[in-house]
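All remarks here apply to the structure that follows.
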Amino acid sequence: MWQLASSGVRAHRGAYAGTAVVLAVASAVLAVTGVLLESGTRLQSAGDAAGSLLVALASSYAGTLLVVVVMVVAATVSLALRGRRRELALLRAVGATPAQVRTAVTLEVGVVSLVASPAGALAGLLGARLLDPVLVRSGLVEPGFDATLSPLPVLGAVALVVLTAVPVGRLGAREAARTAPTAALQLSAVEARQVGAGRRVSALTLTVLGLGAAFSTLWMPGATGSAAAAVSAFVLVGAAALAGPVLVGWVFDRLARTGASRGTPATMLAVRNLRGFSRRLTTVVVPLALVVAAATAQTSVNRAIATGAGQQLAAAITTDLVVTPASDAAPDLAAQVAAAPGVASAVPLATVPADVRTDGEASGALAWEATALRVVPAGTTALDPDVVRGSLADLEAVDTVAVSTDTAFQSGAGPGESLTLRLGGDLVDATVVAVFSRGLGVGGLITGPATAAAHGLPVVPDTLLVDVAPGADTPQVTAAVGALGGTAVDAATYAAAAVGAGGENEIGVVLLLLLLGVVAVGAASTLAMTTASRRDEMRLLHRTGTTRRQLLAMTTVEAAVTGVTAWVIGTLAVVPAVVGVSAGVVDGPPVVDVPSYAVVSAAAVLFALVATALAARRTTQLATAVA
6 MWQLASSGVR AHRGAYAGTA VVLAVASAVL AVTGVLLESG TRLQSAGDAA GSLLVALASS
66 YAGTLLVVVV MVVAATVSLA LRGRRRELAL LRAVGATPAQ VRTAVTLEVG VVSLVASPAG
126 ALAGLLGARL LDPVLVRSGL VEPGFDATLS PLPVLGAVAL VVLTAVPVGR LGAREAARTA
186 PTAALQLSAV EARQVGAGRR VSALTLTVLG LGAAFSTLWM PGATGSAAAA VSAFVLVGAA
246 ALAGPVLVGW VFDRLARTGA SRGTPATMLA VRNLRGFSRR LTTVVVPLAL VVAAATAQTS
306 VNRAIATGAG QQLAAAITTD LVVTPASDAA PDLAAQVAAA PGVASAVPLA TVPADVRTDG
366 EASGALAWEA TALRVVPAGT TALDPDVVRG SLADLEAVDT VAVSTDTAFQ SGAGPGESLT
426 LRLGGDLVDA TVVAVFSRGL GVGGLITGPA TAAAHGLPVV PDTLLVDVAP GADTPQVTAA
486 VGALGGTAVD AATYAAAAVG AGGENEIGVV LLLLLLGVVA VGAASTLAMT TASRRDEMRL
546 LHRTGTTRRQ LLAMTTVEAA VTGVTAWVIG TLAVVPAVVG VSAGVVDGPP VVDVPSYAVV
606 SAAAVLFALV ATALAARRTT QLATAVA
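For the sequence shown, the numbering used here begins at 6 and goes up steadily by one.
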């Protein structure tokens, strides 16, 4: 069987070459994510607060990446095997048993996976160090950081890719293996239009799950609900992939009956091809739809969260001005500002580092997550985090905290319950005295000066909330504060600057580009394999009178329809996520990153046209030359 499998790989090296590239790229990006996760875990074990940030970054990215990798690898492997249905049918016709066919295909896919995946994973492991400067500029790690390189990310990436590709290959061979030889030969030339009951039920189930996840912000607060809602776009693309043959067939049945007969020969051929080979179109559309859905979901969700955080922070500040001390400001700047002419009050806010226990059963560094406590004077009205339960006045007591609804949801700690913190060198079971709703803008945890002082944490004001005295001139107060070494702005300006100063944006863009790279390679591979596998079809069309120009025009029309279909599916898949996330965190209409959406939408259509044109030129040349 090994000899038959290796012969099959050599005989179909063209199709398997595209598959190998996809597997290698997917393994490389998975290995990069594994390096980030392992580096963060090791920093956590060493007591470095940056470790928690890296683990959070890698974990959130890994969830999306895993969904994308599974879908792209599955689409690529299944398409590579789809072009071999005639060969598998012939094997059955000459006496090969179903078990032998399944075993041969499984071994072929296994060979390709075990060659391509380690090579890609090793490249990703070595290339992960290129992200070190980006992580430093993003403020996630300290200068001098070096990512941890070990075999673990490579092994994890290889295992995931192989465990995805091999079962898909086995499933791809199942249909030919279980079908009678004569029927298999017939099906190798004409696609079955119908899908099984299990596939229909799975598509319906994924649709329901996707819509449910999209509106999870209705019962899950803030960033937690937004993360769940963002995944819905990928779930809905998966539903479209399962139901694609039915939907595509239904649409083009009606299109063929209405307009195809009045079009050009190339248009007529394209519409009837798309109608008859709906499974082929679905396989090509899925990676392109993922490009639209992934990019729009990621960028729009990030923009929605940033918009919501800015709105919450601006709403929480009730004073006239917000003062930010300069780096060389005097230690007693708060007292100086409070005594300045025209200032009615100046409330200092500070931030102190802490660790919060996130897992009561785990031990060591993995049980803790680095965070920050916002130190707010108890009973102040200068900052209104919108308390929904309890009272901030109780922060006067030592070892008390107020938590956001996000933190309360994740930890399960409400008023009267305890939250385990590590403050300085002390382990503290802090009592939760209040729950507030503006956690995106204010932060997840608030405490009073008494708690910080009790554990030796220096409380250095980083923000002053200033009220201007009645009758005083605000510009004069602003100038006076500036002379003391502070920058005074209104709440809206301060909130916009604070939200825009997030250093994670650059690394987020880089990781998104890596994600889109996986999808783009998968899309290019499927488009090229689909076009190249149609040589016999084009040869037959040429023999019956179709010119090469008409063949090229036909593939161009098909490519345009493919790109537009992918754009429609990607758009429909991402709309629930955008609406759901915005409903949970934004006070206003849904937030969409229109520039990113416009770019990826145009790119999906253009990508389909270019990739198909490049493959079609060679395929039609060979088809017409032989004919």
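Just so it is clear, CB atoms sit at the ideal spot from N, CA and C, and this is done for glycine as well.
Note that this is a predicted model, so its numbers are computed, not measured.
Since residue i is in the alpha helix (DSSP H), which residue starts that stretch and which ends it?
i: Gly203; result: Ala202 to Ala219
i: Thr412; result: Thr410 to Ser416
i: Leu130; result: Pro103 to Gly132
i: Leu84; result: Ala55 to Arg87
i: Ala339; result: Leu338 to Ala343
i: Val464; result: Note, Val464: premise wrong, no alpha helix (DSSP H); not H, not E.
i: Val146; result: Segment: none, Val146 is in no alpha helix (DSSP H) and carries neither H nor E.
i: Leu445; result: Gly444 to Val447
For residue i and residue j, I'd like the C-alpha separation in whole angstroms.
i: Gly243; j: Val26; result: 22 angstroms
i: Met534; j: Asp151; result: 40 angstroms
i: Leu241; j: Val380; result: 43 angstroms
i: Leu378; j: Ala359; result: 7 angstroms
i: Glu563; j: Ala613; result: 9 angstroms
i: Val615; j: Leu127; result: 31 angstroms
i: Val251; j: Val276; result: 15 angstroms
i: Met273; j: Asp541; result: 19 angstroms
i: Leu517; j: Ala300; result: 7 angstroms
i: Gly129; j: Ser65; result: 19 angstroms
i: Glu147; j: Arg443; result: 29 angstroms
i: Thr2; j: Val166; result: Since the first residue of the chain shown is 6 and the last is 632, residue 2 is not available in this structure.
i: Asp333; j: Val494; result: 19 angstroms
i: Gln317; j: Thr222; result: 16 angstroms
i: Gly585; j: Val596; result: 10 angstroms
i: Val357; j: Ala485; result: 28 angstroms
i: Arg362; j: Arg427; result: 8 angstroms
i: Gln481; j: Val473; result: 10 angstroms
i: Leu135; j: Leu520; result: 16 angstroms
i: Ala22; j: Ser530; result: 9 angstroms
i: Ala468; j: Thr376; result: With the sequence shown as reference, residue 468 is identified as Thr, and Ala is not the correct amino acid for it. If I take the Cα positions, the gap works out to 18 angstroms.
i: Val291; j: Leu211; result: 15 angstroms
i: Arg3; j: Ser305; result: What the structure shows of the chain is the stretch from 6 to 632, and residue 3 is not part of that stretch, so it cannot be assessed.
i: Ala525; j: Val296; result: 7 angstroms
i: Ala477; j: Thr483; result: 11 angstroms
i: Leu326; j: Val352; result: 11 angstroms
i: Val77; j: Gly527; result: 6 angstroms
i: Thr570; j: Asp411; result: 38 angstroms
Identify the continuous beta strand (DSSP E) that holds residue i and give its terminal residues.
i: Trp373; result: Trp373 to Val380
i: Arg539; result: Note, Arg539: premise wrong, no beta strand (DSSP E); not H, not E.
i: Gly491; result: Gly491 to Val494
i: Leu400; result: Here Leu400 belongs to no beta strand (DSSP E), and DSSP marks it neither H nor E.
i: Thr452; result: Leu450 to Thr452
Residue i bridges to which residues according to DSSP?
i: Ser350; result: Asp472
i: Leu432; result: Arg427
i: Ile512; result: Its beta-bridge partners do not exist; DSSP assigns none.
i: Leu388; result: Ile322
i: Arg554; result: According to DSSP, Arg554 bridges with nothing at all.
i: Ala359; result: Thr376
i: Pro330; result: Gly491
i: Val406; result: Val437 and Thr452
i: Gly4; result: With the chain running from 6 to 632 in the structure shown, residue 4 is simply not present.
Tell me which same chain residues have a C-beta within less than 6 angstroms of the C-beta of residue i, skipping the five on either side of it?
i: Gly384; result: Ala398
i: Gln555; result: Pro270 and Ala271
i: Trp4; result: Summary: the structure shown does not reach residue 4, with the chain confined to residues 6 through 632, and so no result is reported for it.
i: Gln626; result: none
i: Gly448; result: Arg379
i: Leu432; result: none
i: Val464; result: Ala355, Val380, Pro454 and Ala457
i: Ala321; result: Leu388, Asp389, Pro390, Arg443, Gly446 and Val447
i: Ile574; result: Ala245 and Ala294
Could you pull out every residue in the same chain whose Cβ sits closer than 7 angstroms to the Cβ of residue i, ignoring the five residues on either side in sequence?
i: Ile310; result: Ala228, Ser231, Leu445 and Val590
i: Ala502; result: none
i: Arg204; result: Leu247
So, for residue i: in the same chain, excluding its five sequence neighbours on each side, which residues have a beta-carbon less than 8 angstroms away from its beta-carbon?
i: Ala565; result: Val610, Ala613 and Leu614
i: Gly522; result: Val30 and Val34
i: Val406; result: Leu378, Leu400, Leu424, Leu426, Ala435, Thr436, Val437, Val438, Leu450, Ile451, Thr452 and Thr456
Given the structure, does residue i come close to the ligand HEM, in the sense that its CB is under 8 angstroms from one of the ligand's heavy atoms?
i: Ala457; result: As far as ligands go, the structure on display features none, and thus does not contain the ligand HEM.
- Message: Please give me, in chain order, every unbroken run of the alpha helix (DSSP H) with length at least 4 that falls completely inside the stretch 578-604.
- Response: none
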